[in-house]
Ligand code: AMP
């Protein structure tokens, strides 16, 4: 395993808040950070003077970026696989193309989980309206229809509770690649973040509970209140997936908890919103852990220092920033976004409970 020591330059694909917080953690460890993004005012671009601007298909700009860095990671799992394959010819890219190919597509992701003995909701694929009709009959209602690719924060999905809703659901998705999933009447939603180095060493964060509002993560409670059996099942499943995917860096796995079982919903090979609490109430933040993993450094302790809640500041919520500064044991993180649009993640607070 190659050690990439402090002083080297980390390249990050993507300019959003996850890239910004990864950059800040890398800088604390003494690394330089170079961002590849479309626009200079994106959150991650604001925290470093090293950046290359371009789209993800611009090979001239990508080559310049690769030449300027020692190792590359990403903050967005939908970076085209062809971009990763191109960059990997020049510099190590973690996570790599294989992990991305699987996690970019909900059918590939769920098939992969099942092949590796991790439960996932029953599902079917639909490329046409007719296939959707047949798929809904097979899976049964209620069911959830989602675009196979590019869905996030509840976008690109519809719940079908009545067969009459099928045509409208197909119309709303605007896709020719959909997944139909059995609706899981879950008791809780949880997630696990695993760090994995090139030599296979792994370190897991404790499972946390996630609560959503309007399809967007609203609050994360760390740790989640779970039976030992559920906790062990979640950790074992997440570790198996990280290992089999060969992830170097971080893998986040979201699960539904139901009937004393965990059922995988989604995976993302990157830092995750449900790991933001680690910035203030864990021995090592998820962002620092990512840097440790891709640079071949020892992985840090994932011990919780105090039970806590992370709350996202979405849209106008961020206007309350002053209120949070007056509360003890509350840590405010804002992402430097100029415009507080509805549904836009502007920042978060971590609060000891
Ligand atoms: P996703 O984009 O797949 O993470 O879905 C967003 C949210 O929709 C999840 O966090 C769940 O709250 C809900 N959801 C997604 N899939 C299902 C399902 N198969 N059954 C029940 N709820 C679901």
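Residue numbers (our numbering): 746 to 1098.
We put the CB at the ideal spot given by N, CA and C, even for glycine.
If you're wondering where the values come from, they're calculated on a predicted model, not measured in any experiment.
Residue i Cβ short of 7 Å to the ligand AMP heavy atom set
i: residue 1014; result: no
i: residue 902; result: yes
i: residue 894; result: no
i: residue 927; result: yes
i: residue 934; result: yes
i: residue 957; result: yes
i: residue 891; result: yes
i: residue 788; result: no
i: residue 931; result: yes
i: residue 999; result: yes
i: residue 854; result: no
i: residue 1020; result: no
i: residue 850; result: no
i: residue 823; result: no
i: residue 861; result: no
i: residue 960; result: yes
Rounded straight-line distance, which links the Cα of residue j to that of residue i
i: residue 864; j: residue 959; result: 26 Å
i: residue 853; j: residue 1067; result: 44 Å
i: residue 768; j: residue 1045; result: 17 Å
i: residue 1149; j: residue 917; result: Missing from the structure shown is residue 1149; the chain here goes from 746 to 1098 and no further.
i: residue 805; j: residue 758; result: 15 Å
i: residue 980; j: residue 1004; result: 17 Å
i: residue 858; j: residue 1001; result: 14 Å
i: residue 811; j: residue 935; result: 36 Å
i: residue 1007; j: residue 795; result: 42 Å
i: residue 913; j: residue 850; result: 23 Å
i: residue 1034; j: residue 965; result: 19 Å
i: residue 947; j: residue 941; result: 4 Å
i: residue 776; j: residue 756; result: 10 Å
i: residue 791; j: residue 871; result: 42 Å
i: residue 970; j: residue 1073; result: 24 Å
i: residue 910; j: residue 957; result: 24 Å
i: residue 782; j: residue 807; result: 10 Å
i: residue 749; j: residue 1017; result: 24 Å
i: residue 845; j: residue 760; result: 18 Å
i: residue 954; j: residue 1019; result: 8 Å
i: residue 894; j: residue 835; result: 27 Å
i: residue 997; j: residue 882; result: 32 Å
i: residue 1080; j: residue 987; result: 29 Å
i: residue 906; j: residue 879; result: 15 Å
i: residue 762; j: residue 1032; result: 11 Å
i: residue 922; j: residue 773; result: 42 Å
i: residue 692; j: residue 815; result: The first residue shown for the chain is 746 and the last is 1098, placing residue 692 beyond what the model contains.
i: residue 929; j: residue 754; result: 44 Å
i: residue 785; j: residue 764; result: 13 Å
i: residue 847; j: residue 862; result: 16 Å
i: residue 1024; j: residue 873; result: 44 Å
Proximity to residue i [Cα-Cα], best of the options
i: residue 1027; options: 1040, 1038 and 1047; result: 1047
i: residue 939; options: 1030, 984, 837 and 812; result: 984
i: residue 908; options: 870, 998 and 884; result: 884
i: residue 788; options: 1094, 1062, 1095 and 1089; result: 1089
i: residue 1078; options: 1069, 1084 and 1085; result: 1069
i: residue 819; options: 774, 1036 and 1011; result: 1036
i: residue 856; options: 1058, 1040, 1009 and 896; result: 1009
i: residue 975; options: 963, 897, 945 and 932; result: 932
i: residue 876; options: 807, 999, 925 and 1021; result: 925
i: residue 991; options: 945, 834 and 815; result: 945
i: residue 968; options: 813, 978, 977 and 952; result: 952
i: residue 839; options: 993, 1087 and 1073; result: 993
i: residue 1076; options: 977, 1098 and 889; result: 1098
i: residue 1060; options: 1043, 1074 and 1085; result: 1085
i: residue 1094; options: 893, 1053 and 815; result: 1053
i: residue 747; options: 1016, 1040 and 1063; result: 1040
i: residue 860; options: 880, 894, 982 and 772; result: 982
i: residue 943; options: 1065, 1083, 785 and 1042; result: 1042
i: residue 962; options: 785, 848 and 1021; result: 1021
i: residue 1087; options: 780, 821 and 1057; result: 1057
i: residue 1051; options: 813, 793, 1029 and 922; result: 1029
i: residue 1049; options: 949, 873 and 868; result: 949
i: residue 927; options: 888, 973 and 780; result: 888
i: residue 1015; options: 766, 866 and 751; result: 766
i: residue 919; options: 937, 897 and 891; result: 891
Closer than 8 Å to chain B by CB, residue i
i: residue 865; result: The displayed structure is made up of one protein chain only, and chain B is not part of it.
Could you check whether the stretch 821-829 touches the stretch 790-802, counting it as contact only if at least three pairs of C-beta atoms, one from each stretch, sit closer than 8 Å? These segments touch.
With three or more C-beta pairs closer than 8 Å as the rule, is the stretch 829-838 touching the stretch 893-904? They do not touch, by the three-pair rule.
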